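The sequence shown begins at 179 in the working numbering and counts up one residue at a time.
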Amino acid sequence: MIDDEGEVRALVQPTQRGTWVQTERAGHEAWAALIAQAPRAGQLMHIIVQHMDKSGALIVSQ
179 MIDDEGEVRA LVQPTQRGTW VQTERAGHEA WAALIAQAPR AGQLMHIIVQ
229 HMDKSGALIV SQ
């Protein structure tokens with residue numbers, strides 16, 4: 179039995195699941211237009227945005 183309740187709680191806490199970000203409607207409209215005009219580019223943009231960090235930075239290997 180563990181005496182420290184804080185230690186037990188730390189073990190039972192669910193892992194953090196990523197973040198939720200509110201974005202502007204105009205950005206989504208532009209993204210939808212890109213998908214309609216160039217579907218492959220829209221797919222690539224989706225993957226790029228998915229890999230961005232909180233500051234908006236993206237590291238791409240060559």
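Yeah, the Cβ is synthetic: ideal placement off N, Cα and C, and Gly gets one too.
As the structure is a prediction and not an experimental result, all values here were calculated from the model.
Looking at Gly-234, Gly-220, Asp-231, the one whose alpha-carbon comes closest to that of His-206 is Gly-220. Between Met-223 and Trp-209, the C-beta spacing is below 8 Å.
Shown here, Gln-228 sits in a helix according to DSSP, grouped into three states. Distance between Gln-200 and Leu-236, taken at the CA atoms: about 19 Å.
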